[in-house]
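Comments concern the structure below.
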Amino acid sequence: MNKAILTDLLEKALHPEFMELKDRTEAHSEHEQSDGGAHYELRIVCAQFAGLAPLARHRLVNDATQSVRAQLHALAVKAYTPEEFAALNAPKVKRPSILLKTQ
Numbered sequence: 006m007n008k009a010i011l012t013d014l015l016e017k018a019l020h021p022e023f024m025e026l027k028d029r030t031e032a033h034s035e036h037e038q039s040d041g042g043a044h045y046e047l048r049i050v051c052a053q054f055a056g057l058a059p060l061a062r063h064r065l066v067n068d069a070t071q072s073v074r075a076q077l078h079a080l081a082v083k084a085y086t087p088e089e090f091a092a093l094n095a096p097k098v099k100r101p102s103i104l105l106k107t108q
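Start counting the sequence shown at 6; every next residue gets the next number (the numbering used here).
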C-alpha cells in the first residue's frame, strides 16, 4: 500500500484542513499474526465531521479508503472537527504565581 495513494483518496473525499498519516508497518512486521499488510495511523481534521459521533466519522474515512481496504491491515483513526482540533492544540496559558509574604 502506497502512502501517497491513501493520502490522495482521503484528500479527494474529505478535503481535510489538516491531515497527518503515519506509516507504522515496520513496527508491526515482527508480530506473529502479521500478514504483511500496511499499518497506518491517521489524524484528520475535517469540517464534515461536525455533529457526527466518532463512529460516523470513522465510517466516512472507511468509505473514502474503500478501494484500497484489502491492502490495509490496520488504519487507526483520530478524527476531529476544526474546533476540536484547535481546542486540543491551544497554547497553554501559564498562570502567574502568587507569592505570599511571611512575617
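Where a beta carbon is used, it is the ideal one built from N, C-alpha and C, also for glycine.
Nearest to residue i (by Cα), restricted to the options the options
i	options	result
Glu16	Glu89, Pro96, Leu60, Val66	Val66
Ile49	Val98, Ala92, Tyr85, Leu93	Tyr85
Ala55	Pro101, Lys97, Glu88, Val98	Glu88
Pair within 8 Å by beta-carbon distance, residue i and residue j
i	j	result
Leu26	Cys51	no
Ile10	Val98	no
Exposure label - residue i; buried when at least 16 CB within 10 Å
i	result
Leu60	exposed
Val90	The question names Val, but residue 90 in the sequence shown is Phe. Buried: at least 16 other Cβ atoms inside 10 Å.
Phe23	exposed
Asn7	exposed
Pro21	buried
Leu105	exposed
Leu93	exposed
Neighbourhood of residue i by C-beta distance below 7 Å, restricted to the same chain and skipping five residues each side
i	result
His63	Val82, Ala84
Ala69	Leu14, Leu15, Ala18, Leu19
Beta-carbon contacts of residue i that lie in its chain and below 6 Å, excluding the five residues immediately before and after
i	result
Thr12	Leu26
Arg29	His44, Glu46
Arg100	none
Same chain only: Cβ atoms within 8 Å of residue i, ignoring 5 sequence neighbours per side
i	result
Leu57	Leu65
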